[in-house]
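Participant: Handing you this structure, nothing more for now.
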Amino acid sequence: MLLLFGLLTVVLSFQMSISTFRAPGSGLFPLGLGLLLMLLAGCYLGGLYARRAAQPNPPATEAWAPRGGRLPAFLAAMAAATVLLAPLGFPLTAFLLMVALLKTLDMKGWIAILGLSLGTALASHLLFVQWLQIPLPKGWLGL
Amino acid sequence: MFESIQQLLNGFAIATTWQNLFYCLAGAIVGTIVGVLPGLGPIAGIALLIPATFGLNATSAIIMLAGIYYGAMYGGSTTSILINVPGETASVITCIDGYQMAQKGRAGPALAICAIGSFVAGTLGIFGLVFLAPPLAEAALAFGPPEYFSLMVFGFVVLSNVTGGSLLKSLMMAIVGLIIGTVGLDPVTGIARFTFGVTPLLGGVEFVAVAIGLFGIGEVLINVEQPAEQLEQQVLVPRFRELYPTLADLRASIAPILRGTALGFGIGLVPGPAPVIATYASYMVEKRVSNHPEEFGKGAIEGVAGPESANNAACQSAFIPLFVLGIPFAPPTAILLGALLIHGVNPGPGLIAEHPQLFWGVIASMYIGNFILLLLNLPFVPLFANILRVPKKILLPLVILFCITGMYTVNNSIFDIWTMLLFGALGWLMRHWAYEGAPLLLALVLGPKLEVAFRQSLMISHGDFGIFFGRPVSLVFLLATLGFLLMPLWRRLFGLLRARGDGTK
Numbered sequence: 001m002l003l004l005f006g007l008l009t010v011v012l013s014f015q016m017s018i019s020t021f022r023a024p025g026s027g028l029f030p031l032g033l034g035l036l037l038m039l040l041a042g043c044y045l046g047g048l049y050a051r052r053a054a055q056p057n058p059p060a061t062e063a064w065a066p067r068g069g070r071l072p073a074f075l076a077a078m079a080a081a082t083v084l085l086a087p088l089g090f091p092l093t094a095f096l097l098m099v100a101l102l103k104t105l106d107m108k109g110w111i112a113i114l115g116l117s118l119g120t121a122l123a124s125h126l127l128f129v130q131w132l133q134i135p136l137p138k139g140w141l142g143l
Numbered sequence: 144m145f146e147s148i149q150q151l152l153n154g155f156a157i158a159t160t161w162q163n164l165f166y167c168l169a170g171a172i173v174g175t176i177v178g179v180l181p182g183l184g185p186i187a188g189i190a191l192l193i194p195a196t197f198g199l200n201a202t203s204a205i206i207m208l209a210g211i212y213y214g215a216m217y218g219g220s221t222t223s224i225l226i227n228v229p230g231e232t233a234s235v236i237t238c239i240d241g242y243q244m245a246q247k248g249r250a251g252p253a254l255a256i257c258a259i260g261s262f263v264a265g266t267l268g269i270f271g272l273v274f275l276a277p278p279l280a281e282a283a284l285a286f287g288p289p290e291y292f293s294l295m296v297f298g299f300v301v302l303s304n305v306t307g308g309s310l311l312k313s314l315m316m317a318i319v320g321l322i323i324g325t326v327g328l329d330p331v332t333g334i335a336r337f338t339f340g341v342t343p344l345l346g347g348v349e350f351v352a353v354a355i356g357l358f359g360i361g362e363v364l365i366n367v368e369q370p371a372e373q374l375e376q377q378v379l380v381p382r383f384r385e386l387y388p389t390l391a392d393l394r395a396s397i398a399p400i401l402r403g404t405a406l407g408f409g410i411g412l413v414p415g416p417a418p419v420i421a422t423y424a425s426y427m428v429e430k431r432v433s434n435h436p437e438e439f440g441k442g443a444i445e446g447v448a449g450p451e452s453a454n455n456a457a458c459q460s461a462f463i464p465l466f467v468l469g470i471p472f473a474p475p476t477a478i479l480l481g482a483l484l485i486h487g488v489n490p491g492p493g494l495i496a497e498h499p500q501l502f503w504g505v506i507a508s509m510y511i512g513n514f515i516l517l518l519l520n521l522p523f524v525p526l527f528a529n530i531l532r533v534p535k536k537i538l539l540p541l542v543i544l545f546c547i548t549g550m551y552t553v554n555n556s557i558f559d560i561w562t563m564l565l566f567g568a569l570g571w572l573m574r575h576w577a578y579e580g581a582p583l584l585l586a587l588v589l590g591p592k593l594e595v596a597f598r599q600s601l602m603i604s605h606g607d608f609g610i611f612f613g614r615p616v617s618l619v620f621l622l623a624t625l626g627f628l629l630m631p632l633w634r635r636l637f638g639l640l641r642a643r644g645d646g647t648k
């Protein structure tokens, strides 16, 4: 993946002015970095291959794979909050985000979830908007 | 020297008036709160509160804003230790061992050592500021683009070495950070690079988004993957007597604090993000001189004491170029420069003579501010450490909410939140594949400066790379870099020779 990232950087750098060492263009520095990254990624892969080749029967290792459905739900809740922040405003989005995240993490009891979410939304609104005077999105509700 | 002492005493008389004591206290408290909140670092904190100083005289205003600066630097370490979210750049290194200490139920000693180290560094740094300001400022001015480039390269190799993982992987991460740092307008020609027509990217990838994403969101996502029963229980919660450092902790921290102070003070004079480089250099030094380097990255108290002291000392010495030369070398001091100009004070060589009450008053207030921070923070160690008692299933959503809110406050930008989430997912993948986030983050900060220094050097030398080797300071840094790169090879070779020697006996 890093090898590809380096290659992509090199390709995109060539679309910019490289110029000369006397007057380096915009693409020279990223081009050098892309090449260096490809070189290091190549060395890493080479080392990996050499180690594997040295061990004809490598011990079985547990392949890593993402576990459970909680993580996608968690990510989806964060993405949804980002989309809703401007239209719904900060307090309501904070409340909904907390409800979604607490439910995703298997918090028991709706009263506890709603109470904690409401308290957090109110406290953060007081801290950021009222006290620190930070202009967070007000949304349709105008809060 | 006697004149400096006399002037410092006058400064204490100014700083200890009720009015200035109040503003020093207010600055330290607000700074600590600002530093604790993810996303709101010293830059945002100072910028947000400049308007609040409009009604004050210049001395009181700068005393309060300086208090916010060093208060935020301390507060940033608190979140690094407790929830692995660096409040500001210089706290990234504290995450490595501070968070590990917290995971082992030693959040209290880590927080207390932060406060003590910061106080000692701040105090010694002020004496350095008083006596060494003029000659050291001259030395810092002698750094040209080639020296700066070589120093940065040295810094990258050092920081790639510090995290304890594979050097090759860390170097690759540093290069990825440098590439991400090239996104935006070319600092020399102003041409847009890698922006793909996305307007918010013209200003570059927001550093805070990357920091919170890689460390904060990445850590939360790793935790979310845990089985439900692990989310119920929390990290080891310390008993009351374990909240403060033991005598052994203090003994182990004395030398790192003193070394970190000296290192941080010296690096603070060099142009660039001094506290960041200082923390990394200090961590590296501590790891090298330690009798148990294998404990670094697993909760070594020296890995917190040294960098935190270096951070604070660098903050203090960064005031030298600001006051004496009128040149801010770091973003927070650049904002302080703006505040000085707003209040009708022109910093530069004439500042000490023209505004002695401001110069010496602010220096004395820093000492008082550090003392206030120590008094404020030590009693609050149990309170902060008890944050860890909150079950993960409640703490994690709270961290996410604060990350999203803090991220938005930096530029009032939804795009920044998306960037943070993207880097959060990347941080999660990197954790699984054992890649370190710290080299990437630091490279992102230093990258644009490195590129400017590189291109300026080549322009000065008309394309001759010899400029980097022909200047003594630059050559020393490059040789040191080579030494660091070859060190693993030397070690392996030395080990082989010794093994062969033992075998022949």
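So the protein sequences, as listed, match chains A and B. Following this note's numbering, the numbering of the first sequence begins with 1 at its first residue and continues without gaps. Following this note's numbering, the numbering of the second sequence begins with 144 at its first residue and continues without gaps. Note that CB positions come from ideal geometry on N, CA and C, so glycine has one too. Bear in mind that the values here come from a model prediction, so they are computed numbers and not experimental data.
Can you tell me which residues form a DSSP beta bridge with B:Gly-327?
Facilitator: B:Arg-336
Participant: Under 8 Å between C-beta atoms, does A:Arg-70 make it to chain B?
Facilitator: yes
Participant: Given a cut-off of 8 Å on the beta-carbon distance, is the pair A:Met-98 and B:Pro-540 in contact?
Facilitator: yes
Participant: Nearest CA to the CA of B:Leu-565: which residue from B:Leu-480, B:Phe-350, B:Ile-157?
Facilitator: Residue B:Phe-350 holds the alpha-carbon nearest to the alpha-carbon of B:Leu-565 among B:Leu-480, B:Phe-350, B:Ile-157.
Participant: Spell out the partners DSSP gives A:Pro-24 in its beta bridges.
Facilitator: A:Ser-19
Participant: Once DSSP output is grouped into helix, strand and coil, what is the label at B:Ser-223?
Facilitator: Reduced to three states, the DSSP call for B:Ser-223 is helix.
Participant: Between the Cα of B:Gly-333 and those of A:Ser-19, A:Met-1, A:Phe-74, A:Gly-25, spot the shortest distance and give me the residue it belongs to.
Facilitator: Here the closest residue by C-alpha is A:Gly-25.
Participant: Using a Cβ cut-off of 8 Å (strictly closer), state whether A:Phe-153 contacts chain B.
Facilitator: Residue 153 of chain A lies beyond the range of chain A shown here (1 to 143); nothing can be said about it.
Participant: Helix, strand or coil, according to DSSP, for B:Leu-576 in the structure here?
Facilitator: Note that residue 576 of chain B is Trp in the sequence shown, not Leu. In this structure, B:Trp-576 counts as coil in the three-state DSSP scheme.
Participant: Going along the chain, which residues of its own chain have a beta-carbon closer than 8 Å to the beta-carbon of A:Thr-104, five neighbours each way excluded?
Facilitator: Arg-70, Ala-73, Phe-74, Ala-77
Participant: Here's a check: name, in chain order, each residue in its chain whose Cβ is nearer than 6 Å to the Cβ of B:Gly-347, leaving out the five neighbours to either side.
Facilitator: Non-local C-beta neighbours of B:Gly-347 in its own chain, meaning closer than 6 Å and more than five positions away in sequence, comprise Val-326, Gly-327, ordered along the chain.
Participant: Looking at the unbroken alpha helix (DSSP H) that takes in B:Ser-234, where does it start and where does it end?
Facilitator: No alpha helix (DSSP H) holds B:Ser-234; DSSP gives it neither H nor E.
Participant: Report buried or exposed for B:Glu-451, applying the criterion of at least 16 other Cβ atoms within 10 angstroms of its Cβ.
Facilitator: buried
Participant: Please go through the same chain and pick out, in chain order, the residues whose beta-carbon is closer than 7 Å to the beta-carbon of A:Ala-63, but skip the five residues on each side of it.
Facilitator: Here A:Ala-63 scores only 49 on pLDDT, less than 50, and its place in the model is too uncertain to base an answer on.
Participant: For B:Ile-318, which residues of its own chain have a beta-carbon under 8 Å away from its beta-carbon, when the five flanking residues on both sides are left out?
Facilitator: Ala-586
Participant: Three-state secondary structure (DSSP) at B:Met-216?
Facilitator: helix
Participant: Do you know offhand how far B:Gln-246's Cα is from B:Ala-285's?
Facilitator: Annotation: B:Gln-246 to B:Ala-285 spans about 44 Å, alpha carbon to alpha carbon.
Participant: Given a limit of 8 Å on CB to CB distance, which residues of the region 443 to 454 of chain B reach chain A?
Facilitator: Going along the region 443 to 454 of chain B in chain order, one finds no residue with a Cβ nearer than 8 Å to chain A.
Participant: Going by DSSP in three states, B:Asn-513 sits in which element: helix, strand or coil?
Facilitator: helix
Participant: Say yes only if the C-beta of B:Gly-493 is nearer than 7 Å to one or more non-hydrogen atoms of the ligand PLP, and no if none qualify.
Facilitator: In the structure on display, the ligand PLP does not appear, and there are no ligands present to speak of.
Participant: Identify whether A:Ser-13 lies in helix, strand or coil by the three-state DSSP scheme.
Facilitator: helix
Participant: Go ahead and label B:Asp-240 buried or exposed: buried means 16 or more other beta carbons lie within 10 angstroms of its beta carbon, across all protein chains shown.
Facilitator: buried
Participant: Compare the C-beta of A:Pro-30 with all C-beta atoms of chain B and state if any pair is closer than 8 Å.
Facilitator: yes
Participant: Report all residues from its chain with a CB closer than 7 Å to the CB of B:Ile-410; omit the five preceding and five following residues, and keep chain order.
Facilitator: Excluding five sequence positions before and after B:Ile-410, the CB atoms of its chain that fall closer than 7 Å to its own CB belong to Ala-417, Ile-420, Ala-421, Ala-424, Ala-457, given in chain order.
Participant: Measuring only the C-alpha atoms, how far is B:Leu-622 from B:Ile-603?
Facilitator: 22 Å
Participant: Looking at the C-beta of B:Pro-540, does it have a partner C-beta in chain A at a distance below 8 Å?
Facilitator: It does; some Cβ of chain A falls within 8 Å.
Participant: Closest Cβ-Cβ distance between A:Gly-115 and chain B: below 8 Å?
Facilitator: no
Participant: Which residues, in order along the region 580 to 611 of chain B, keep a beta-carbon less than 7 Å from a beta-carbon of chain A?
Facilitator: Glu-594, Phe-597, Arg-598, Leu-601, Met-602, His-605, Gly-606
Participant: Please list the partners that A:Ala-80 has in chain B, where partner means a Cβ-to-Cβ separation under 7 Å.
Facilitator: Residues of chain B passing the Cβ test: none, with the nearest at roughly 11 Å.
Participant: Would you say B:Arg-402 faces chain A, with C-beta separation under 8 Å as the test?
Facilitator: no
Participant: My output table needs one value for A:Val-129: the three-state DSSP class, helix, strand or coil.
Facilitator: Helix at A:Val-129.
Participant: Please tell me whether B:Thr-548 has its Cβ less than 8 Å away from any Cβ of chain A.
Facilitator: yes
Participant: Under DSSP, the alpha helix (DSSP H) around B:Leu-593 begins and ends at which residues?
Facilitator: Looking at the DSSP string, the run of the alpha helix (DSSP H) that includes B:Leu-593 is 581 to 603.
Participant: Just to make sure I have the definition right: I need the residues of chain E whose C-beta is within less than 9 Å of the C-beta of A:Tyr-49. Which are they?
Facilitator: Absent here is chain E; the protein component of the structure consists of chains A and B.
Participant: Enumerate in chain order the residues of its own chain whose CB-to-CB distance from B:Gly-446 is below 7 Å, with the five nearest sequence positions on each side excluded.
Facilitator: Closer than 7 Å at Cβ, skipping near neighbours: Ile-239, Asp-240, Tyr-426, Glu-429, Phe-439.
Participant: Using CA coordinates, which residue listed in B:Leu-593, B:Phe-608, B:Arg-598 is at the minimum distance from B:Met-295?
Facilitator: Put simply, of B:Leu-593, B:Phe-608, B:Arg-598 the residue whose alpha carbon is nearest the alpha carbon of B:Met-295 is B:Leu-593.
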